[in-house]
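This report concerns only the one structure given below.
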Amino acid sequence: MAEQMSIQGVRPTSSDVKVKRWQTLGFGLFIHFGVYSAFGGEYKGKPVKHGYSEQIKMWADIPDEEYLKQAQAMTLEHFNPQEIVQLAKQAGMRYIVLTSKHHDGFCLWKTETTSYNSVENMAGQRDIVGELAEECARQGIKFGLYYSLVDWHAGHDYDHDNNNRISSDLAHYIEAQLTELLTQYGEIVELWFDMGYPTLEQSQRLKQLVAHFQPNCAINGRIWHNQGDFRTLGDNQIPAQALEGPWQTPASIYHETWGYRSWQVREDLTGKVTQLIQNLIAVRARGGNYLLNIGPKGDGSLVPFEREVLEAIGEWLRNHAHSLFGTSGIQLPAPSWGELTAKDNRLYVHIFDADRHDVTISGIANSVREAVLIESGETVAVSDDHKELTFSLPEGVQNLGVRTIQVTLDNHLLVRPDHRTEATSMSGEQLKNYYRYVDSGNYTTLQRINTKKEIYLETDANDVSVTIQGQARTDKQYRLQVGTAYYDMMGSNLIGSTYGPFQVSDRLTPLILTSHMPYEDLDVKIDRIDLQFNCETV
7 MAEQMSIQGV RPTSSDVKVK RWQTLGFGLF IHFGVYSAFG GEYKGKPVKH
57 GYSEQIKMWA DIPDEEYLKQ AQAMTLEHFN PQEIVQLAKQ AGMRYIVLTS
107 KHHDGFCLWK TETTSYNSVE NMAGQRDIVG ELAEECARQG IKFGLYYSLV
157 DWHAGHDYDH DNNNRISSDL AHYIEAQLTE LLTQYGEIVE LWFDMGYPTL
207 EQSQRLKQLV AHFQPNCAIN GRIWHNQGDF RTLGDNQIPA QALEGPWQTP
257 ASIYHETWGY RSWQVREDLT GKVTQLIQNL IAVRARGGNY LLNIGPKGDG
307 SLVPFEREVL EAIGEWLRNH AHSLFGTSGI QLPAPSWGEL TAKDNRLYVH
357 IFDADRHDVT ISGIANSVRE AVLIESGETV AVSDDHKELT FSLPEGVQNL
407 GVRTIQVTLD NHLLVRPDHR TEATSMSGEQ LKNYYRYVDS GNYTTLQRIN
457 TKKEIYLETD ANDVSVTIQG QARTDKQYRL QVGTAYYDMM GSNLIGSTYG
507 PFQVSDRLTP LILTSHMPYE DLDVKIDRID LQFNCETV
């Protein structure tokens with residue numbers, strides 16, 4: 007009966023092999039390094055407080071010749087790829103993404119497209135991309151690249167929104183540079199485009215280029231026009247709930263900047279590490295990858311505070327990695343006191359609220375075999391009234407703001423979804439809404455849309471017919487699905503018409519409404535759904 011009244015509890019990952027492989031990486035190191043690092047957020051002895059420090063050339067309006075002079079003075083004496091990769095691995099990270107070229111257009115590799123690069127116009131004369139790529143391969147960690155579509159050196163004017171259009175000449179220049187990056191530095195696991203305002207055709211062309219040279223490379227959503235393999239959210243954005251499709255949160259230790267800022271106030275190491283660990287857990291529990299940034303100094307050395315942050319995260323992950331990697335979020339709402347992850351018959355209960363003496367989870371259909379607090383190894387007492395599980399926590403155990411219970415279940419995780427009904431009529435508010443982020447060609451058009459509405463029908467009937475009342479776009483095509491069967495119709499026929507009968511083969515059968523176009527909002531208002539059940543047997 008438990009299985010009849012429940013559904014698979016773990017949220018599925020992508021069916022695309024390349025994307026699924028990217029999703030398993032989970033946690034990566036972002037590195038913002040370039041000429042801007044040598045300025046350290048200052049110009050002419052004064053802090054530049056507008057904007058991110060990696061965009062200091064624009065915000066301080068630094069002349070080209072001064073910017074180049076700073077580049078030519080960079081000896082890179084403390085840039086140590088071995089040290090960086092070791093730190094990333096120590097922090098529990100699975101991949102590294104380096105800024106190969108930021109908006110300033112300065113390239114960190116030996117490119118044939120311009121002398122404006124780290125080999126020809128830095129005193130250190132080093133192929134930074136190449137050295138880091140080689141070290142990643144040597145130490146067995148994946149390597150990815152950030153690449154800006156905005157290029158102030160190649161003709162773009164300053165735009166505070168970075169929504170620069172891409173001329174045909176610049177498009178050829180970009181393709182030539184990407185060809186070098188994709189063919190000369192081994193496997194690229196992720197290509198992280200940024201900013202700009204390409205046409206749809208230009209975005210499609212870039213996607214084809216990457217697929218041609220690196221078919222296993224996952225492309226982020228800032229290639230624009232919804233052409234990416236995964237969606238990069240806004241800077242430091244963590245969604246309130248799980249999203250449709252693969253996604254990533256790009257995060258900086260301090261939100262004010264990504265590139266090195268010499269005057270950044272860095273304090274309360276424990277508080278900062280706690281915040282970042284809780285953010286990592288939240289992102290993983292809601293289905294995303296977490297890409298955490300550091301900004302080395304102009305000489306290539308690491309900021310001591312940032313090193314300590316990564317070391318502390320790694321220390322925590324030594325005992326907790328199995329609760330975040332190889333696991334998924336579950337198909338229940340996140341509790342107010344923390345997050346939930348799971349794999350097979352293991353449920354991980356992550357508790358952020360330090361004042362909690364017990365926590366309760368509704369909707370788990372399994373029985374519990376064992377519950378252990380990871381931090382201490384102590385057994386956790388469990389109360390099960392067949393509706394809720396209540397865990398009573400041992401006193402005095404806390405580790406960087408998180409307590410995690412490892413729960414062993416009687417079988418693979420099953421849950422009773424909270425959006426289910428036995429009624430023959432329901433309001434539209436009873437349906438669960440699912441969301442994804444889409445864009446119309448640039449960062450400022452990024453928006454969240456409603457892509458799916460769902461409710462589970464709890465019935466012993468053989469089949470059901472469905473009538474929806476409300477409002478829908480008459481020119482939009484919809485799909486109404488019950489179980490595995492579906493009807494496609496225009497919005498003009500969705501409202502007021504009866505569809506079915508749909509076979510109901512399980513005790514819990516999903517009723518789902520989606521749009522024919524996955525990157526368009528449903529744009530539908532459901533007032534009521536009427537259900538006609540048939541319980542006759544043949």
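Numbering (the numbering used here), first residue to last: 7 to 544.
Note that beta-carbon positions come from the ideal geometry of N, C-alpha and C, so glycine has one too.
Asked	Found
In or out: valine 544 buried (at least 16 other Cβ within 10 Å) or exposed?	With a pLDDT of 46 at valine 544, under the threshold of 50, the modelled position of that residue is not reliable, and no figure is offered here.
Please report the residue range of the beta strand (DSSP E) in which valine 444 lies.	438-444
Can you tell me which of the three DSSP states glutamate 60 falls into?	helix
Taking the beta strand (DSSP E) that serine 43 belongs to, which residues open and close that run?	Element bounds for serine 43: not the beta strand (DSSP E) but the alpha helix (DSSP H), 41-45.
Given a cut-off of 9 Å on the beta-carbon distance, is the pair phenylalanine 236 and glutamine 284 in contact?	no
Do valine 444 and glutamine 453 count as a contact pair if the criterion is CB distance below 9 Å?	yes
Which full runs of the alpha helix (DSSP H) of 4+ residues lie inside the segment 454-525, going along the chain?	497-500
Out of Gly161, Ala139, Arg144, which one is the CA nearest neighbour of leucine 151?	Ala139
Looking only at its chain, what residues have a beta carbon closer than 7 Å to the beta carbon of leucine 26, apart from the 5 residues adjacent to it on each side?	Looking at the sequence shown, residue 26 is not leucine but lysine. Excluding positions up to five away in sequence, the list reads Thr19, Ser20.
Would you kindly report the start and end of the unbroken alpha helix (DSSP H) that includes histidine 392?	Careful: histidine 392 lies outside any alpha helix (DSSP H) and carries neither H nor E.
Excluding five sequence neighbours on each side, which residues of the same chain lie with their C-beta closer than 7 Å to the C-beta of glutamate 312?	Ile259, Ile300
Give me, in chain order, the residues of the same chain whose beta-carbon lies closer than 8 Å to that of valine 216; leave out the 5 immediate sequence neighbours on both sides.	Leu184, Leu188, Leu197, Cys223, Ile225
At the level of alpha carbons, what is the spacing between glutamate 71 and alanine 77?	10 Å
DSSP state of glutamate 250, grouped into three classes?	coil
Checking 9 Å against the spacing of the C-beta atoms, do leucine 275 and methionine 201 come in under that value?	no
Could you tell me the distance, in whole angstroms, from the CA atom of histidine 326 to the CA atom of leucine 379?	11 Å
Cα-Cα, which of Gly332, Pro341, Ser268, Ser433 is closest to serine 307?	Ser268
Return the chain-ordered list of same chain residues with a C-beta closer than 6 Å to the C-beta of glutamate 428, the five sequence neighbours on each side being excluded.	Glu464
According to DSSP, what are the bridge partners of tyrosine 354?	Thr347, Gln412
Give me the DSSP bridge partner(s) of methionine 432.	Ile535
Just the C-alpha distance for lysine 349 and valine 421, rounded to the nearest angstrom, thanks.	13 Å
How should methionine 7 be labelled, buried or exposed, when 16 other C-beta atoms within 10 angstroms of its C-beta is the threshold for buried?	Bear in mind that a pLDDT of 41 at methionine 7, under 50, signals an unreliable position, so the number given afterwards is only what the model happens to contain. Methionine 7 comes out exposed.
CB serine 471 to CB isoleucine 535, shorter than 9 Å?	no
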